[in-house]
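Everything below concerns the one structure shown next.
Residue numbers (full-length UniProt numbering), protein chains in the order written: chain A, 1 to 186; chain B, 1 to 312.
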């Protein structure tokens, strides 16, 4: 009866391989996602942009994750950039900010279309984890996913201290804007 | 069935492996922290206490620097009679440093002592990076000092070129940790205006400096320049001392205040390396401060509205 066993093995191997292939086919990667931050006070508006944010969507499990190197944020004034890294974000200690979560139940991500969604997960900034539900928009077409989101991060939530001594003012809530394209991982 | 199980287990493991390729491990493959990235802010300021640091101005940034050294705290010229030196202004300095590029800074200033004007250039040649392929910062510094005062005696500046002095320094620093930065500064000073004939016109010096961050905005800074005894005899008729300065640096975003104690009467390198006549041990220590304010000269040409910062 060895031939039956052989066929069984082959069938099983086939099934597992199919699952595996399927699993990789469901992953989407995004590189050079644009991440902009904006701090507004009556004294000054500070903006910065990073194009080095990367992201992953695992469609099957509705997982979504982003990460960005803090030092990749570019400011108008280099001194601001230095202060941002040195004094506020402590980039040498906490080189990355991260969000890892799950797209909340709602639209079927298998179908093309534009969906308003929320993702719930952990936002890690300045080494401090914070559970967040972040609203965003997902457009799916031809194996490509476009994601955009806008939300606020409170400095106090992530232990980013704004000293009273500052001459230039930084807002207590920083506006974040994310915009990027995810391509299917082949 | 034994065989079958033997076959099944690795397949399951491989399958599980595929599943374990979750968001985290995928993100890891995209890890975009640039290891070639330069290490910034080895020092907060372009100066430590008396000496220059390896830092240069950012491109198009102008730094207005106002410095003051008071008189002796103790000793014959200090104590309560001069309010511990606060009655005396031993040196005053106003200077501007401008970042031509992120690496190249030009500076001009004027000091009360000798009515000296200074013109300097500072070039950041090497910069320490994260990947540890470059372990140090190296900045080249050159400064000309021009004594503008009237001569004290008829033949003091017999040639006009005697009014000029030159400093050349290689400034080497390393950010040891985010809190601690250390620096060494071998240098050469050339001058004509010497009071003692045995005092060489060319002086070799080695400076040492450091910064210790106490909090994010307060740092303890210190520098010491070894000059006597190197190429200079220690038994000159006028006693000279090696300048030692310690200070507390306070950064407030655009401003840097520095509260200093040092034995040198002078502010400019061309004076303090060559002529420090006060000693820490004989009441010659004095208080001084520095105010540095940074301006960005040119309005941003950033077209990207997401990047443009506005100050109202």
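Every residue, glycine too, gets a C-beta built ideally from N, C-alpha and C.
| Asked | Found |
| --- | --- |
| Would the stretch 111-123 of chain B count as touching the stretch 134-146 of chain B if we require 3 or more Cβ pairs under 8 Å? | yes |
| Can you list, in chain order, the stretches of the beta strand (DSSP E) that have 3 or more residues and sit fully within the stretch 23-104 of chain B? | 61-72, 89-99 |
| Would you kindly work out how many angstroms separate the C-alpha atoms of residue 142(B) and residue 62(B), rounded to a whole number? | 19 Å |
| Closer than 8 Å, CB to CB, is residue 304(B) near chain A or not? | yes |
| Over what stretch of residues does the beta strand (DSSP E) that includes residue 255(B) continue unbroken? | 255-262 |
| Which first and last residues belong to the alpha helix (DSSP H) in which residue 274(B) is found? | 269-275 |
| Answer yes or no: does any C-beta atom of chain A fall closer than 8 Å to that of residue 314(B)? | Outside the shown range of chain B, which is 1 to 312, sits residue 314(B), and nothing can be said about it. |
| Could you check whether the Cβ of residue 179(B) sits closer than 8 Å to any Cβ belonging to chain A? | no |
| Using the beta-carbon count (16 or more within 10 Å), is residue 87(B) buried or exposed? | exposed |
| Closer than 8 Å, CB to CB, is residue 164(A) near chain B or not? | no |
| I need the straight-line Cα distance from residue 91(B) to residue 239(B), nearest angstrom please. | 20 Å |
| Please list the segments of the beta strand (DSSP E) lying wholly inside the stretch 86-110 of chain A, counting only runs of 3 or more residues, in order along the chain. | 96-103 |
| Going by DSSP, what residues sit across from residue 74(A) in a beta bridge? | 49(A) |
| From the beta carbon of residue 67(A), is the nearest beta carbon of chain B less than 8 Å away? | yes |
| So, are the CB atoms of residue 42(B) and residue 57(B) less than 8 Å apart? | no |
| For residue 214(B), count neighbouring Cβ atoms within 10 angstroms of its own Cβ and tell me buried if that reaches 16, exposed if not. | exposed |
| Taking beta-carbon pairs under 7 Å, can you tell me which members of the stretch 26-40 of chain A lie near chain B? | 27, 29, 31, 36 |
| Could you spell out where the beta strand (DSSP E) holding residue 141(B) opens and where it closes? | 137-147 |
| What does the Cβ neighbour count give for residue 48(A), buried or exposed, with the cut at 16 atoms within 10 Å? | buried |
| Give me the Cβ distance between residue 127(A) and residue 94(A), rounded to the nearest whole Å; I'm assuming they're in contact under 8 Å. | 4 Å |
| Would you say residue 294(B) reaches chain A, if we count a Cβ-Cβ gap shorter than 8 Å as a contact? | yes |
| Evaluate residue 183(A) with the Cβ neighbour count: other Cβ atoms within 10 Å of its Cβ, from every protein chain shown; 16 or more gives buried, anything less gives exposed. | exposed |
| Report the neighbours of residue 56(A) on chain B: residues whose CB is nearer than 8 Å to its CB, in chain order. | 23, 26, 27, 30 |
| Helix, strand or coil for residue 177(B) per DSSP? | coil |
| Skipping 5 residues on each side, what residues in its chain have a beta carbon closer than 7 Å to that of residue 58(A)? | 26, 27 |
| Assess, as a yes-or-no matter, whether the stretch 287-295 of chain B is touched by the stretch 180-188 of chain B under the definition of 3 or more beta carbon pairs within less than 8 Å. | no |
| Mind checking which residues open and close the beta strand (DSSP E) that includes residue 129(A)? | 128-141 |
| In chain B, which residues lie less than 9 Å from residue 75(A) when you measure between Cβ atoms? | 307, 309 |
| Is the stretch 76-86 of chain B close to the stretch 247-255 of chain B, with three or more CB pairs under 8 Å? | no |
| Which partner residues of residue 58(A) appear in the DSSP bridge assignment? | 27(A), 63(A) |
| Taking the straight line between their C-alpha atoms, what separation do you get for residue 70(A) and residue 50(A)? | 8 Å |
| Does the stretch 96-106 of chain B touch the stretch 260-272 of chain B, meaning 3 or more C-beta pairs lie closer than 8 Å? | no |
| In three-state terms, what does DSSP make of residue 82(A)? | helix |
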